[in-house]
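Remarks on the structure that follows.
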Amino acid sequence: MPTDERKREINRHLALAAALVAAGVVMSGLSLAEIVARGPQQFAESTPGTPPLQGTPAPEQSSKPAEPKPGGTRPTTPAPEPARPDAQAQKEGAKPVLPPAPAEKVAPPINPSEKAK
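The following block contains the structure:
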């Protein structure tokens, strides 16, 4: 008798799966029908009748790369500040930007004699 119940359960699962697939096909068909029925999309233009904007022409291609400028500096605004001021600045009252790093947690060494136990 367990085989009859097993077959019935399999048939029930197959019927449910078929119903879900059929529902998906119906929903897809309805969506496609709605898209076709709407017709082409129309886009709004901010100023009708004006031509579209034209891009700038590409610069002429040269066979050599641009000349490097030696000694150039990179400007930074605002000027970078160190996260940890040096000892002299700390004596003058400068506070570190970052909090102190937490101490590393290290376990005691494993003794080989205890490992064999």
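Taken in order, the sequence shown gives residues 1311 to 1427; the numbers are from my numbering. Each residue gets a CB set at the ideal place from its N, CA and C atoms; glycine is no exception.
Under DSSP, the alpha helix (DSSP H) around isoleucine 1345 begins and ends at which residues?
1312 to 1348
Note the first and the last residue of the continuous alpha helix (DSSP H) segment covering alanine 1399.
1397 to 1401
Mapping the DSSP letters down to three states, classify proline 1406 as helix, strand or coil.
coil
Rounded C-alpha distance that separates glycine 1334 from valine 1346
18 angstroms
Using DSSP with H/G/I as helix, E/B as strand and the rest coil, what is proline 1367?
coil
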